[in-house]
Amino acid sequence: MADSKNFSRYNMRCGLLLHASEGGVRISDLVLPPLDARYLVLTGSDIPGSNEISFLGRTMPIIAKETVSYPGQIVLALFAPDYESASLLMREISVKTEPIEDLAEPDLPDSLEYGWGEAPEDDGNLKEIDTEFRLRRIYQRNSRLYTVTAWMEGANMHIEAPTEWMELVRSTVERATGYPRRSIVMHALPYTAKHDEYLLDPAVLAAIAATATIRTGLPSEIRSDGVFSRPEIIVRRSISVDGDGKPIAERVQMTVDQGAFAFAPEEYQRQAMAGLIPPYPLKSYHASVRIASSPNHPAAFCGSLGYSEALASTEYHISRVASLLDRTPSLYRASIEKDKRKFTDYIPGFELDEVKKCLREADDASSYDRKWSADTFQKEDFGILGYLRGIGIASGAGISGFSTTLSKELGFSAMMTYTQKGNVTINTSALQHHGTISSWKKRIAGRIIPGRPDDVVFLSHGPDTIDTGPDVLSRLVASFTPQLESAARRLSVLKDSEKAPVSLRFDAENTSYPCEFENSGYGSVVCGIRIDRSSMIPMAMEVWGSFAFPSIMDRISLINSIRRTILLTLRENGISIPLSFRMHISIRETGTDDTVSSVQQLARGLTLGALMNALAQAIGSRAAELPVSAGEIEKLYRERQE
Amino acid sequence: MKIDCTIDGKTLTLSLNSDKPLSLILRENMGEEGSVNHCSGAMCGLCAVLVDGKAMLSCMVPAFEIRGKTVVTFESFRRTRGMRDIEKAYESVGAYPCPDCYASRTIIFESLIDEAITDKEQILRELAMVRCPCMDPEDEIMIVQRGIELRRKRNVRRSQLP
Amino acid sequence: MYEGLSSPNIHTPANLSEYASIILHYPASSLWAGGTFIMSRPDSYPSRRMNAEIIYLGEIEELHRFQRNDRFAEFGAMVTLDEILNTGKAVLPKVLIENIESIGSRLITRRATIGGTICTEGFTTSFPGTLIALDAMAEVRFIKKKRLHSRWMQLTRLLDRNGRIMLPPQGMISRVRIAFTEKNCQYFTRIGSFMLEPDEAVSAAFTGTLDQDILLNPRISFTYPSIGICYSRDIDNIFSSLRFPLDETELGNLEGMVFTFIDSFFQGLSELQKVRTAGILRSIIEDLNVRALTLPSDEA
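Chains A, B and C are the protein sequences, given in the same order.
The first sequence runs 2 to 643 under my numbering.
The second sequence runs 115 to 276 under my numbering.
The third sequence runs 119 to 418 under my numbering.
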């Protein structure tokens with residue numbers, strides 16, 4: 002079996018993709034230039050098997066067939082002897098479309114509803130406050146070019162791809178080409194996926210490349226740049242507070258437009274619900290999360306499946322309510338929060354002291370209270386858009402991985418075996434990161450075969466590999482690590498009582514939690530922004546962050562990861578980073594046995610919340626919407642002037 | 115057209131399209147997909163290489179301009195002593211680029227350290243070419259300053275050897 | 119395969135007479151200076167034109183020359199922006215240095231040439247606007263009656279009605295002459311990225327001498343990358359008629375007059391570009407106000 006490509010580029014077909022320019026249309030005509038036998042065009046009807054990619058219970062076409070659901074959808078693939086010829090010919094292909102009157106709605110789940118208590122009777126003492134949190138769709142082509150190659154060797158189809166989910170690639174190729182699963186050999190390429198762009202696309206490209214290989218009998222390579230699409234989110238809240246500003250009842254309505262195809266919508270609802278539940282006590286709470294669709298690019302994980310955005314909306318809501326009650330957000334928060342959160346179906350009732358400690362640290366380091374008051378007074382003096390500065394705060398807890406419900410449904414697992422030779426083998430598809438594997442080896446060896454980490458073997462990827470699921474939401478680092486340790490603990494007992502080899506199959510998700518998610522990791526972020534008056538460019542001035550985690554394996558990596566997530570979140574939401582920008586991050590170890598959370602998910606949610614709060618202070622809450630751009634601020638400025 | 119050049123220490127005669135960008139040559143002909151990107155004009159800054167010792171964006175260098183030149187990519191630079199200085203600087207500052215831009219940013223750090231550029235604004239201007247938002251300006255300045263210090267110490271030690 | 123089909127022919131003349139004979143043989147050739155602009159276009163490779171002829175100017179020795187005397191500096195068209203910065207940072211006008219520094223990294227300025235930044239097709243860089251504010255001259259080489267001719271022209275004379283630099287057919291810029299200016303007020307500002315947001319970005323260059331409360335010989339140009347350069351003697355004359363400091367009403371009037379001219383030049387400006395232009399104008403005037411009020415009497 003070849004471990005890597007051993008063919009000449011001169012004996013290969015190079016493929017490029019044609020993407021649709023608009024969605025919600027029917028392909029009426031496809032005009033191709035004359036092509037000889039060296040070229041191959043693949044459309045939706047040329048896929049020999051199923052023209053579908055299936056993931057987490059949902060399906061999506063590999064290549065658009067008759068109808069184009071969203072702009073950017075693959076319309077055809079063109080293979081040529083070299084990329085130059087493919088590129089030149091691609092420019093001559095034209096696709097004619099006509100609008101579809103009655104666009105079929107994708108199958109969407111019902112609204113997820115959750116809550117407790119009855120709304121209290123209004124005896125005249127209650128004040129109702131409405132807030133709205135809006136995130137517009139982000140659709141960006143990732144400038145990073147990546148390549149997927151397929152080639153045949155004997156009876157085997159080899160696929161080389163950067164992928165976060167090898168088994169998805171294998172199963173998609175199997176369904177698309179009819180090639181038996183056992184004959185598909187995977188070669189993983191290294192990748193870094195800031196927005197989980199290597200989750201679905203590599204499987205789609207692999208299916209197309211494998212089809213081209215079967216059709217031409219030659220190795221086929223296809224290259225493309227990834228796409229990052231964040232869903233459009235609107236969270237409307239209505240809170241009733243008593244005369245002292247104490248929250249009594251709250252209604253929340255979250256609408257998420259996931260684009261033309263829903264991406265794990267039920268899980269999105271659960272993750273979002275976990276983030277929507279506020280940290281302060283309420284007599285009555287009711288929330289609903291509705292998934293909607295539109296002819297736009299399907300939204301992907303983007304480093305979070307709703308939790309970050311929902312957490313940000315909650316943090317924004319708290320600060321808005323405080324501002325409307327003329328209270329400093331951090332002080333208002335301290336006055337309404339108890340020592341412990343309420344236990345709910347989605348997130349446990351954990352102690353809030355660590356969150357409060359983080360909040361205090363970030364608040365003190367940034368002089369948040371003073372700056373918030375100064376900005377507010379200055380703004381009153383200078384009027385709307387006269388004093389373009391703002392400071393925002395957000396704090397909360399993190400979660401990681403999938404919900405208990407999804408884990409049970411999907412049954413992703415892994416297997417650990419104590420062999421006759423006294424070694425330990427692990428059969429899992431989670432083989433992506435070299436650093437993580439060496440850390441896992443040490444931890445497993447420590448439990449079963451002390452001092453022999455090299456004898457812990459992660460079996461290489463093959464047809465019998467067990468699908469451990471996608472490497473998203475930090476689940477293969479955060480949630481999977483304690484499961485490996487727990488399995489190792491159980492195996493160390495079993496190996497003494499049973500005859501080797503002893504195998505143990507365990508779930509790749511924690512299924513023992515009483516709630517959908519387990520909290521872990523806490524943090525607080527303060528963000529200061531300024532809008533340049535002549536260029537209208539929103540700029541981040543300074544960010545302060547304080548985080549606490551149960552255990553810290555590599556302090557530098559962790560700080561770097563937090564810093565990167567904060568910078569990425571600011572930039573992707575339209576905030577420019579000037580040369581004078583400074584960031585101050587502190588992390589603490591709490592020493593508890595909690596699971597490790599998704600650092601990115603937490604930092605992303607808090608940055609988003611703090612940024613939205615800062616923006617609301619700088620340009621007004623009715624205009625605060627992310628991502629923000631100089632053009633929009635200018636429009637707002639013009640409207641106000643008129 | 116036939117082009118003679120040296121890439122990563124190998125003297126090569128390549129048969130290439132005359133205006134093919136160096137970034138695509140490195141990706142397609144030299145198999146360096148991991149360390150060199152090609153963004154088709156999106157100005158990602160993830161394709162920096164050293165051409166005759168100077169950092170350049172390989173997407174802006176056409177094939178005909180590399181005739182007789184020496185190209186060093188991150189793949190060969192990573193095995194040099196210069197790389198060790200930069201790694202030490204990353205370690206001592208406690209910040210390093212993300213895997214996405216590691217190669218390109220490291221090459222630019224090398225050019226700044228090699229020329230001993232200490233002007234803070236100039237350092238940030240050079241590094242702003244990499245559009246990946248994974249590092250903050252303060253860390254970048256500290257890495258260059260530390261790298262220059264380490265490089266000087268190494269050069270002094272070498273010159274003191276008999 | 120593609121190489122046999124469509125690889126452009128590269129001509130590398132070593133001097134201007136070789137260049138002349140090549141351009142006469144291949145009149146439809148494209149000129150290639152640093153290549154930074156051409157290579158950064160999304161569809162630049164593979165070339166759309168089959169069997170294109172490219173004349174690479176990098177080997178022409180005359181185009182790399184740099185000379186200066188006490189009145190002006192003269193750069194060959196292939197002198198890179200980085201070389202300009204290295205050789206003339208202390209003596210060249212501040213506005214020019216700031217423009218080069220605003221371009222950013224030496225990864226770009228090491229390759230971008232002064233000639234190349236002036237002659238970009240369908241796009242205007244911030245550079246020619248600055249050269250116009252400095253009243254720079256360019257030596258234009260062109261083919262007439264099968265011979266290569268040369269003529270020194272003010273850069274403003276190369277501006278067409280649409281604000282683009284236009285050269286005669288088969289023409290090229292071989293040298294650029296920049297006078298050392300004694301002007302005490304020089305500003306260069308660029309907002310937004312010319313390459314990434316051409317419909318939002320704007321740059322402005324201003325030079326003038328503030329003498330007591332009036333401006334002598336002011337020149338101002340605004341550049342919009344996807345539209346062109348806005349330069350008019352009429353705008354310069356408005357500035358000449360001002361007495362500093364200006365109050366808010368006078369500033370508003372000035373803004374109105376300048377925008378009347380800009381609007382008559384270009385209709386396609388985005389609202390953001392207008393706001394940014396107004397912002398730049400305000401910051402220039404605010405600085406001139408400060409200088410008018412604070413300059414020592416012997417200087418003011």
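Virtual Cβ for every residue (Gly too), placed ideally from N, Cα, C.
Values in this document were obtained by computation on a predicted structure and should not be read as measured data.
Check the Cβ-Cβ distances between residue i and every residue of chain C, and say whether any is below 8 angstroms.
i: Ser-88 (chain A); result: yes
i: Phe-191 (chain B); result: no
i: Met-537 (chain A); result: yes
i: Arg-641 (chain A); result: no
i: Cys-246 (chain B); result: no
i: Arg-534 (chain A); result: yes
i: Gly-276 (chain A); result: no
i: Glu-590 (chain A); result: no
i: Gly-606 (chain A); result: no
i: Cys-119 (chain B); result: no
Check the C-beta distance from residue i over to residue j and give it rounded, since I have them as a contact under 8 angstroms.
i: Met-157 (chain C); j: Pro-213 (chain B); result: So it is not a contact: roughly 26 angstroms between Cβ atoms.
i: Leu-43 (chain A); j: Leu-77 (chain A); result: 6 angstroms
i: Thr-591 (chain A); j: Pro-628 (chain A); result: With a Cβ gap of about 34 angstroms, Thr-591 (chain A) and Pro-628 (chain A) do not count as contacting.
i: Glu-53 (chain A); j: Ile-63 (chain A); result: 6 angstroms
i: Gly-73 (chain A); j: Ala-21 (chain A); result: 7 angstroms
i: Pro-316 (chain C); j: Ser-344 (chain C); result: 4 angstroms
i: Arg-245 (chain B); j: Gly-159 (chain B); result: 5 angstroms
i: Lys-247 (chain A); j: Gly-118 (chain A); result: Rounded, the Cβ-Cβ distance is 15 angstroms, inconsistent with contact.
i: Val-393 (chain C); j: Glu-633 (chain A); result: 12 angstroms between Cβ atoms; not a contact.
i: Pro-464 (chain A); j: Trp-166 (chain A); result: The pair is not a contact, with the Cβ atoms about 16 angstroms apart (cut-off 8 angstroms).
i: Ile-180 (chain B); j: Cys-119 (chain B); result: 5 angstroms
Would you say residue i lies against chain B (beta-carbon separation less than 8 angstroms)?
i: Glu-85 (chain A); result: yes
i: Leu-206 (chain A); result: no
i: Ile-557 (chain A); result: yes
Just to confirm the assignment, what range does the alpha helix (DSSP H) spanning residue i have?
i: Val-393 (chain C); result: 389-412
i: Asn-614 (chain A); result: 600-620
i: Asp-197 (chain B); result: Looking at the sequence itself, residue 197 (chain B) is Met, so the reference to Asp does not match. That run of the alpha helix (DSSP H) goes 195-207.
i: Pro-483 (chain A); result: 481-498
Tell me the residue span of the beta strand (DSSP E) that contains residue i.
i: Ser-225 (chain B); result: No beta strand (DSSP E) contains Ser-225 (chain B), which is instead part of the alpha helix (DSSP H) from 216-228.
i: Met-157 (chain C); result: No beta strand (DSSP E) holds Met-157 (chain C); the alpha helix (DSSP H) holding it covers 154-157.
i: Cys-15 (chain A); result: 14-20
i: Thr-591 (chain A); result: Taken as a continuous stretch (DSSP letters only), Thr-591 (chain A) belongs to no beta strand (DSSP E), as it is neither H nor E.
i: Thr-426 (chain A); result: 425-428
Can a CB atom of chain A be found closer than 8 angstroms to the CB of residue i?
i: Ala-203 (chain B); result: no
i: Leu-134 (chain C); result: no
i: Ala-418 (chain C); result: Model confidence at Ala-418 (chain C) stands at a pLDDT of 43, short of 50, so the residue's coordinates are unreliable; what they give is reported in the following sentence. No - not a single Cβ of chain A is within 8 angstroms of the one on Ala-418 (chain C).
Is the region 605-615 of chain A close to the region 309-321 of chain A, with three or more CB pairs under 8 angstroms?
-> yes
> Can we say the region 210-230 of chain C touches the region 242-259 of chain C, given the rule of at least three CB pairs closer than 8 angstroms?
Replying inline: yes
Notebook entry, point to check: Taking three-plus beta-carbon pairs below 8 angstroms as touching, is the region 245-261 of chain A in contact with the region 209-225 of chain A?
Noted result: Judged by Cβ distances under 8 angstroms, the region 245-261 of chain A makes no contact with the region 209-225 of chain A, as fewer than three pairs qualify.
Whole runs of the beta strand (DSSP E) within the region 274-351 of chain A, excluding any shorter than 3 residues = Runs of the beta strand (DSSP E) inside the region 274-351 of chain A: 285-293.
Exercise. Okay, do the region 172-181 of chain C and the region 294-301 of chain C touch, 3+ Cβ pairs below 8 angstroms being the bar?
Worked result: no
**Item:** Inter-stretch contact at 8 angstroms, needing at least 3 Cβ pairs: the region 136-151 of chain A / the region 337-348 of chain A
**Value:** No: the two stretches stay apart, fewer than three of their Cβ pairs being nearer than 8 angstroms.
Looking at chain F, which residues of the region 158-186 of chain C have a Cβ within less than 9 angstroms of any of its Cβ atoms? In the displayed structure, chain F is absent; the protein chains listed are A, B and C.
Curious, which full-length beta strand (DSSP E) runs of at least 3 residues does the region 159-193 of chain C contain?
171-174, 184-186
Looking at C-beta atoms only, is the number of pairs between the region 349-365 of chain A and the region 492-502 of chain A that lie closer than 8 angstroms three or more?
-> no
*Secondary structure, beta strand (DSSP E): runs of 3+ residues fully inside the region 40-124 of chain A*: Runs of the beta strand (DSSP E) lying entirely within the region 40-124 of chain A, each at least 3 residues long, are 41-43, 53-56, 59-62, 75-81, 95-100, 113-117 in chain order.
Practice prompt. Could you tell me which uninterrupted beta strand (DSSP E) segments, each at least 3 residues in length, are contained entirely in the region 214-278 of chain C, listed from first to last along the chain?
Written response: 255-262, 265-272
| message | Taking contact to mean 3 or more Cβ pairs, one atom from each stretch, closer than 8 angstroms, check whether the region 163-172 of chain B and the region 244-264 of chain B are in contact. | response | They do not touch, by the three-pair rule.
What are the start and end residues of each continuous alpha helix (DSSP H) run of 4 or more residues lying completely inside the region 217-279 of chain A, in chain order? 266-277
Next item on the list: Run through the region 130-193 of chain A for me and flag every whole alpha helix (DSSP H) of 4 or more residues, listed as ranges in chain order.
Entry: 167-178
Quick test of the definition: if touching needs 3 or more C-beta pairs under 8 angstroms, does the region 128-143 of chain C touch the region 218-226 of chain B?
no
> Unbroken alpha helix (DSSP H) runs of length 4 or more, entirely within the region 228-273 of chain B: which are they?
Replying inline: 234-241
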